[in-house]
């Protein structure tokens, strides 16, 4: 797969993910852990069906993914849970800002684990994008560390780890990582849901949560996994930050929630960083794919 095709798929994934915040606004009563559990139940049949349709089997693609598939799936589940805990335990601004460490972490991991070269322009774009996120959320940032801060960083590490796992086995079906991530996530959140004393969240909330999982998360992760075949880990994680840029736009357009000047300015900086990296990529030779491994 060419770099440009992979980037288009990753951008489409981020576009879908950015609709998540809008969809969550329509949840009436379910808690974040309940949403996370039911959302995973929506992901599983969609991704499993895609793998079956493509390969005619689930067992063979899972075996091909090997250790990378298991590690990537667990990393994805940890990323989901860390994100939810962070939003519960710290400000949304803190969480979003710390999530923006994912491209930097993906670049470091890709460089030292897979030997993927990171262009100087990509490092610069990651730094500029981080500035943009800071401008977007600076009014809500709070000082001090705590469990929520740690959880947000863990979530960023998990997302970077998932991206790295997809790049580690480009010849394998990367959607396996998504399937395993959803399964692990359901297993991790199920005890929390039961401890809350309520399994069934009602038809309205369950339908929305599962639709968000099946359409926005499942298809989005499927596109992202396909794009990973042609795009280095650093670039993949960087373009995923389009989600941060677009999420407040949809809420503003549909629900009329006001976007602050900081959101608009930070979004412009973030968009400039992504455009700069894309322009630099068109002038650079293609990055080699990582060697197949465990």
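Numbering (our numbering), first residue to last: 1495 to 1788. Where is the CB? At the ideal position from N, CA and C, for every residue including glycine.
- In this structure residue 1591 is buried. Its beta-carbon is surrounded by 16 or more other beta-carbon atoms within 10 angstroms.
- Runs of the alpha helix (DSSP H) lying entirely within the stretch 1556-1614, each at least 4 residues long, are 1586-1593 and 1596-1603 in chain order.
- For residue 1497, the enclosing alpha helix (DSSP H) covers residues 1497-1511.
- If you ignore the 5 residues before and after residue 1763, its C-beta comes within less than 7 Å of the C-beta of 1622, 1625, 1626 and 1629, all in its own chain and listed in chain order.
- The beta carbon of residue 1679 sits closer than 6 Å to the beta carbons of 1534, 1571 and 1574 from its chain, once the five residues preceding and following it are set aside; these are given in chain order.
- Counting only runs of at least 4 residues, the stretch 1647-1715 fully encloses the following alpha helix (DSSP H) elements, listed from N- to C-terminal order: 1669-1689 and 1697-1705.
- In the displayed model, residue 1735 falls within coil according to three-state DSSP, outside both helix and strand.
- A check of alpha carbon separations from residue 1719 across 1655, 1611 and 1620 identifies 1655 as the nearest.
- Annotation for residue 1545: the continuous alpha helix (DSSP H) segment containing it runs 1526-1549.
- Rounded to the nearest angstrom, the gap between the Cα atoms of residue 1598 and residue 1691 is 39 Å.
- The three-state secondary structure of residue 1773, taken from DSSP, is helix.
- Looking at the backbone, the Cα of residue 1620 and that of residue 1551 are separated by about 39 Å.
- Residue environment analysis places residue 1501 among the buried positions, since at least 16 neighbouring C-beta atoms fall within 10 angstroms of its C-beta.
- Secondary structure of residue 1757 (DSSP, three-state): helix.
- Close CB contacts of residue 1562 within its chain, under the 6 Å cut and outside five residues either way in sequence, are with 1659, 1662 and 1663 (chain order).
- Going by DSSP, residue 1515 is part of the alpha helix (DSSP H) stretching over 1514-1518.
- Your pair residue 1716 and residue 1669 checks out as a contact, with CB atoms roughly 6 Å apart and the cut at 8 Å.
- Of the candidates 1675, 1525, 1496 and 1647, the residue whose Cα lies closest to the Cα of residue 1556 is 1675.
- Distance from the CA of residue 1699 to the CA of residue 1613, rounded to the nearest whole angstrom, comes to 44 Å.
- Under the three-state reduction of DSSP output, residue 1644 falls in the helix class.
- With contacts defined as CB atoms closer than 7 Å, residue 1507 and residue 1714 qualify as a contacting pair.
- Per DSSP, reduced to three states, the secondary structure at residue 1552 is coil, with no helix or strand assignment.
- With distances taken between CA atoms, residue 1749 lies nearest to 1516 out of 1516, 1548 and 1503.
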